[in-house]
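A.B. asks: Have a look at this one.
Protein chains: 2
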Amino acid sequence: MALTPARTMPGVLELLPLDQIAFQRMLDVIRRNYERFGFLPIETPVIEYSDVLLTKSGGETERQVYFVQSTGSLNAAEKMNALATNTTVPELALRFDLTVPLARYVAEHERDLSFPFRRYQMQRVYRGERAQRGRFREFYQCDIDVIGKDSLSIRYDAEVPAVIYSVFRELNVGAFTIQMNNRKLMRGYFEKLGINDAEQQMLVLREVDKLDKRGADYVRDTLTGEAFGLSVEVANQILAFVQVRSTSLKDALDKLDALGEGPEAMEQGRAELKEVLGLIHAFGVPETHYALNLSIARGLDYYTGTVYETTLNDHPQIGSVCSGGRYENLAGQYTKSHLPGVGISIGLTRLYWQLRDAGLINTAQSTVDVLVTQMDPAQLPAYLAVANELRSAGIATEVVLEAGKLGKQFKYADRAGIRFVLVLGENELAKGVVTVKDLRREDQFEVARGELIKALRVELEQAAVMG
Amino acid sequence: MALTPARTMPGVLELLPLDQIAFQRMLDVIRRNYERFGFLPIETPVIEYSDVLLTKSGGETERQVYFVQSTGSLNAAEKMNALATNTTVPELALRFDLTVPLARYVAEHERDLSFPFRRYQMQRVYRGERAQRGRFREFYQCDIDVIGKDSLSIRYDAEVPAVIYSVFRELNVGAFTIQMNNRKLMRGYFEKLGINDAEQQMLVLREVDKLDKRGADYVRDTLTGEAFGLSVEVANQILAFVQVRSTSLKDALDKLDALGEGPEAMEQGRAELKEVLGLIHAFGVPETHYALNLSIARGLDYYTGTVYETTLNDHPQIGSVCSGGRYENLAGQYTKSHLPGVGISIGLTRLYWQLRDAGLINTAQSTVDVLVTQMDPAQLPAYLAVANELRSAGIATEVVLEAGKLGKQFKYADRAGIRFVLVLGENELAKGVVTVKDLRREDQFEVARGELIKALRVELEQAAVMG
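Taken in sequence, the protein lines are chains A and B. Numbering follows UniProt numbering, with no gaps: position 357 of the first sequence is 357. Numbering follows UniProt numbering, with no gaps: position 241 of the second sequence is 241.
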């Protein structure tokens, strides 16, 4: 039989075990922190009805959707024809984010949920992107959202940065800054400058969002060009506005005041930002970790108030590692209920890939704490007894079950990232001791059989702290 | 705008948060135990190339496969035509199990893996099943496998029941029995009865697998009927063989001996089973939890030696909750390397669904440990300070951020499965205490602010033990 080449499609990130362990640790940190703030888990199916998935979106998003059909349904000739002639949209599709499934979930289960509904969701999503370095067709999103029924206090907008702070501090990725803005403030400021049309405001907002990528000159040229036709003066005021950054809480409040009076939307946005900034401190986020950044717009029309982006101070090239904001109504396409919310998303696959690229991921350590070697096949029951004890004490233990040279067994442990190796030879068994080898420190010691668990716990705790 | 009905396709299990928490706890128990035995995590993409996925399988499996196409590729007219006229298989498909992706993974990354390669994988798989109660189109599989390079000691076949025992004991689903058999023993016994053709042996084996569902008379009639043409005597010997069950280790060994001498395959199977049974004890599995059951065949041609099924003693109608076995060569379709292995799979979605149906799942408790109520909006900073402390101590804490009646806040906690509620009113703040309400026990007590964490830890530990 000819062999089929073993391969995966481009745009997926498949990891070797030690890398997967590092990835899993990040997932665990995120989950632990989401739960610590009282967010509840949900999971939704990967496959959704395409009419449910594609109510809102069009254009770019729709072209990237993966459609799904089972071979069973392919048999129905009329469906095939419809598909071939493009007369109907296929029935099923893979989700491309977690927000649309959340909207569907909340609308579907509304009567069974308690509001404010605080949910987290950490699952993979699918986008048929063009294959390109750093672009993923399958990737994890780790989302939280708080959904209110009819209304949702602005205070929740201040809780979100506390969650971000808690997550990224524990992810241990160096200094980071949670950058904040408010869409009402932006639109209100544009209105103050004479841009009254809501659609025009959105277009300006999208232009401004390109500031970091394209630079001020490009944005100024576009705004004063044919498409927008703004005066140089107005364009310059917009550019000055979006270049506002704060260096402390007081500085942020001062800079908001310095924008001068404006129309209602602007005043509302400013009041919201001030309340949020004022509360963040009480939520335990230090001033060093958040800032006003009036260029943050987030491309999506979806957001209506507070918006967030989080950047790593020492790795600006990575861009935002956690983004989100406040929206007016989650699920208008499925329900008449008014469901405002606020949320964020961490694109973990891309983040992991970038952090690894930047050398910030430690992938040296296995989940296996201890390898019990096999010196003498006849002593296997003794090795297994030790392993049973260790496992009962919560220590992840692998036993070598194939006979082989001890040196080869050490090599296996080393290669597999297992730090501690136990040796129970004739000597050790006679003396009632165990030899513990620390492959990282290239050190070893003997310990009495009855003291083994205690000794290993100390070693493992030290290893966890010291690395 | 007309509303789109919010709904999911049949055959998926979407859970409300408290149910999701119970499900997640099961996933965590399984993962923890897999890791405790030194299995390493991997995850593979949901989407695979269909030529990779469908090398081996045909028939039933192929009809159940979900094929995938992105809208981008749908635009290519020739592909559409090919699809419509069924001239080529679509390029991408969703995995229908974790075994084929494992084979592909091991073949693809062979040079980067250490052997024996011990991996666990807990992900969802997809099958386009006919919609039917208890049949899932999307479901979790939680698999472990040990893969050897060239060879793999039979001892690993004895480790597998130890993992099963460890998992199901902690899942807390009542008494269970790991039932074992060996395909070599079965085929060798059939050979002893004069059924020499390997294919014929497989067909008998598949008939025998229906014993529990169809009963002995049905199987006897089939074996003596036209298709098989066996004598009544041979059929009866087969039925006697497959009705062998052991009640203890000694009984198992005795019953294996009582089968009499047989051809080489039978002797090999018996020797393997004896070695496995003999070692299981050293792996710490009590005699009460495993048994010989010579009717266990597992339908798949795939298995070549030891086979396992695990049943719940008090819920036989649930059937096997964890099955697997030994196979000769994992990835022959992708690589010339000889990769024998042994593994098991837990179909967690179905298991959860069945256990819930049988009333064996407790879904009353949230992941949120504590709700901090809001008596006085002006005291919000004090409430947040308490929450920050609790979260730093690892206690999952939600703070009520919307003003509202206290009674309504208690109701919210109760409905959300949050057991402990903190009240910090004027009184408490003046006295430097906190009132802790236990909604489960309908009890409450005051505790000094500085003693709060300690007191809550005691309560939470008690709650975890006592339920």
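Glycine is no exception: its CB is placed at the ideal position from the N, C-alpha and C atoms. In this text, all values refer to a predicted model and were calculated from it rather than measured experimentally.
Between B/E78 and chain A, is the shortest Cβ-Cβ distance under 8 Å, so that the two count as touching?
C.D. replies: As a working note, residue 78 of chain B is residue 78 in the second sequence. Caution applies to B/E78, whose pLDDT of 44 falls short of 50 and renders its modelled position unreliable; the value that the coordinates give is listed next. With 8 Å as the cut-off, B/E78 does not count as an interface residue toward chain A.
A.B. asks: Going by DSSP, what residues sit across from A/N182 in a beta bridge?
C.D. replies: By one-based count along the first sequence, residue 182 of chain A stands at place 182. Beta-bridge pairing links A/N182 to A/T306.
A.B. asks: Would you kindly work out how many angstroms separate the C-alpha atoms of A/V342 and B/R441, rounded to a whole number?
C.D. replies: In the first sequence, residue 342 of chain A corresponds to position 342, counting from 1. In the second sequence, residue 441 of chain B corresponds to position 441, counting from 1. Cα-Cα distance, rounded: 34 Å.
A.B. asks: Please determine, among A/K411, A/E402, A/V386, A/A413, the residue with the shortest C-alpha to C-alpha distance to A/V447.
C.D. replies: Along the first sequence, read from residue 1 onward, the residue named residue 447 of chain A stands at position 447. Considering only alpha carbons, the answer is A/V386.
A.B. asks: At a CB-CB cut-off below 8 Å, which residues of chain A make contact with B/D51?
C.D. replies: Along the second sequence, read from residue 1 onward, the residue named residue 51 of chain B stands at position 51. What B/D51 touches in chain A: T4.
A.B. asks: Give the residues of chain A in contact with B/E402, contact being defined as C-beta atoms less than 9 Å apart.
C.D. replies: Walking along the second sequence from the start, residue 402 of chain B turns up at place 402. Here the neighbours are P116, G148, S151, L152, S153, R155, Y156.
A.B. asks: At a cut of 8 Å, does the stretch 333 to 351 of chain A reach the stretch 372 to 384 of chain A through at least three beta carbon pairs?
C.D. replies: Contact fails: fewer than three Cβ-Cβ distances are below 8 Å.
A.B. asks: In angstroms, rounded to a whole number, what distance separates the CA positions of B/G299 and B/M202?
C.D. replies: In the second sequence, the residue the question calls residue 299 of chain B occupies position 299. In the second sequence, the residue the question calls residue 202 of chain B occupies position 202. Approximately 9 Å, taken between the alpha carbons.
A.B. asks: Would you identify the three-state DSSP class for A/G450, choosing helix, strand or coil?
C.D. replies: On the first sequence, position 450 is the one that residue 450 of chain A refers to. Helix.
A.B. asks: In chain order, what residues of the same chain lie with their CB nearer than 8 Å to the CB of B/T311, ignoring the 5 residues before and after it?
C.D. replies: Against the second sequence, residue 311 of chain B aligns to sequence position 311. Cβ within range, chain order: F176, T177, Q179, I318, G319, S320, V321.
A.B. asks: Anyone know if the C-beta pair for A/Y126 and A/R137 falls short of 8 Å?
C.D. replies: The residue given as residue 126 of chain A occupies position 126 in the first sequence. The residue given as residue 137 of chain A occupies position 137 in the first sequence. In contact: A/Y126 and A/R137 (Cβ atoms closer than 8 Å).
A.B. asks: If you count every other CB in all the chains shown that lies within 10 Å of the CB of B/T4, and 16 or more means buried, which is it?
C.D. replies: Against the second sequence, residue 4 of chain B aligns to sequence position 4. It is buried - the Cβ of B/T4 has at least 16 other Cβ atoms within 10 Å.
A.B. asks: State the DSSP-derived secondary structure class of A/L74, mapped to helix, strand or coil.
C.D. replies: The residue you call residue 74 of chain A lines up with position 74 of the first sequence. Confidence at A/L74 is low in this model, with a pLDDT of 46, below 50, so the placement of that residue is unreliable and no value is reported for it.
A.B. asks: Taking only beta-carbon positions, decide if B/M9 is within less than 8 Å of chain A.
C.D. replies: Here residue 9 of chain B corresponds to residue number 9 of the second sequence, with the count starting at 1. At least one chain A Cβ lies under 8 Å of B/M9.
A.B. asks: In terms of residue numbering, what span does the beta strand (DSSP E) encompassing A/L16 cover?
C.D. replies: Along the first sequence, read from residue 1 onward, the residue named residue 16 of chain A stands at position 16. Counting along the chain, A/L16 falls outside any beta strand (DSSP E), and DSSP gives it neither H nor E.
A.B. asks: Would you call the CB atoms of B/K184 and B/G332 closer than 8 Å?
C.D. replies: Position 184 of the second sequence, counted from the first residue, corresponds to residue 184 of chain B. Position 332 of the second sequence, counted from the first residue, corresponds to residue 332 of chain B. No; because the gap between Cβ atoms is not below 8 Å, this pair is not in contact.
A.B. asks: So who's on the other strand from B/R298, going by DSSP bridges?
C.D. replies: Along the second sequence, one-based indexing puts residue 298 of chain B at 298. Bridge partners of B/R298: none, in fact.
A.B. asks: Spell out whether any CB of chain A is found under 8 Å from the CB atom of B/Y290.
C.D. replies: For the purposes of this step, residue 290 of chain B is taken as residue 290 along the second sequence, with counting starting at 1. It does not; no Cβ of chain A falls within 8 Å.
A.B. asks: When burial is assigned at 16 or more other CB atoms within 10 Å of the CB, is A/N313 buried or exposed?
C.D. replies: The sequence position of residue 313 of chain A within the first sequence is 313, counting from 1. Exposed: under 16 other Cβ atoms inside 10 Å.
A.B. asks: Is A/V276 near A/D157, with beta carbons less than 8 Å apart?
C.D. replies: Start at 1 with the first residue of the first sequence, and residue 276 of chain A comes out as number 276. Start at 1 with the first residue of the first sequence, and residue 157 of chain A comes out as number 157. The answer is yes: Cβ separation under 8 Å.
A.B. asks: Taking C-beta pairs closer than 8 Å, name the residues in chain B that A/R391 reaches, listed in chain order.
C.D. replies: The count along the first sequence starts at 1 and reaches residue 391 of chain A at position 391. Correct list: R36, F37, S166.
A.B. asks: Which two residues bound the contiguous beta strand (DSSP E) that contains A/K437?
C.D. replies: Numbered from 1 along the first sequence, position 437 holds the residue referred to as residue 437 of chain A. Residues 433 to 438.
A.B. asks: Is it buried or exposed for B/M466, if we count other Cβ within 10 angstroms and need 16 for buried?
C.D. replies: Numbered from its first residue, the second sequence carries residue 466 of chain B at position 466. B/M466 should be labelled exposed.
A.B. asks: Please list the partners that B/H109 has in chain A, where partner means a Cβ-to-Cβ separation under 7 Å.
C.D. replies: By one-based count along the second sequence, residue 109 of chain B stands at place 109. Near B/H109 (Cβ distances below 7 Å), the residues of chain A are L16.
A.B. asks: With a CB to CB cut of under 6 Å and the five nearest residues on each side skipped, what residues in its chain are close to B/F241?
C.D. replies: The sequence position of residue 241 of chain B within the second sequence is 241, counting from 1. Closer than 6 Å at Cβ, skipping near neighbours: Y189, L294.
A.B. asks: Taking only beta-carbon positions, decide if B/Y66 is within less than 8 Å of chain A.
C.D. replies: On the second sequence, position 66 is the one that residue 66 of chain B refers to. By this cut-off, B/Y66 is an interface position.
A.B. asks: For B/V368, decide whether its Cβ has a neighbour in chain A, counting only Cβ atoms nearer than 8 Å.
C.D. replies: Within the second sequence, numbered from 1, the residue matching residue 368 of chain B stands at position 368. By this cut-off, B/V368 is an interface position.
A.B. asks: Within 8 Å, do at least three Cβ pairs link the stretch 19 to 37 of chain B to the stretch 130 to 146 of chain B?
C.D. replies: Yes, the stretch 130 to 146 of chain B is in contact with the stretch 19 to 37 of chain B.
A.B. asks: Can you list, in chain order, the stretches of the beta strand (DSSP E) that have 3 or more residues and sit fully within the stretch 319 to 401 of chain B?
C.D. replies: If we require 3 residues or more, the beta strand (DSSP E) runs fully inside the stretch 319 to 401 of chain B come out as 322 to 327, 341 to 347, 370 to 372, 397 to 399.
A.B. asks: Using a Cβ-Cβ cut-off of 7 Å (strictly less than) and excluding sequence neighbours within five positions of A/L13, which residues of its own chain qualify?
C.D. replies: Within the first sequence, residue 13 of chain A is the residue found at index 13, counting from 1. Answer for A/L13: F136, T349, W353, listed in chain order.
A.B. asks: At a CB-CB cut-off below 8 Å, which residues of chain B make contact with A/F283?
C.D. replies: For the purposes of this step, residue 283 of chain A is taken as the residue at position 283 of the first sequence. Neighbours of A/F283 on chain B, chain order: L384, N388.
A.B. asks: Using beta carbons (cut-off 8 Å, strictly below), is A/R104 in contact with chain B?
C.D. replies: On the first sequence, position 104 is the one that residue 104 of chain A refers to. Yes - at least one Cβ of chain B is within 8 Å of the one on A/R104.
A.B. asks: Measure the beta-carbon distance from B/V370 to B/L384 and round it to whole angstroms, keeping in mind my assumption that it falls under 8 Å.
C.D. replies: Locating residue 370 of chain B in the second sequence gives position 370, where the first residue counts as 1. Locating residue 384 of chain B in the second sequence gives position 384, where the first residue counts as 1. The pair is not a contact, with the Cβ atoms about 13 Å apart (cut-off 8 Å).
A.B. asks: From A/R95 to B/R124, what does the alpha carbon distance come to, in whole angstroms?
C.D. replies: Locating residue 95 of chain A in the first sequence gives position 95, counting from the first residue. Locating residue 124 of chain B in the second sequence gives position 124, counting from the first residue. So the two alpha carbons sit approximately 15 Å from each other.
A.B. asks: Per DSSP, what kind of secondary structure is A/I147 in: helix, strand or coil?
C.D. replies: Residue mapping note: residue 147 of chain A aligns to position 147 of the first sequence, counting from 1. Reduced to three states, the DSSP call for A/I147 is strand.
A.B. asks: Identify the continuous beta strand (DSSP E) that holds B/Q201 and give its terminal residues.
C.D. replies: Translated into positions along the second sequence, residue 201 of chain B becomes position 201. That residue, B/Q201, is in no beta strand (DSSP E); its alpha helix (DSSP H) goes 198 to 208.
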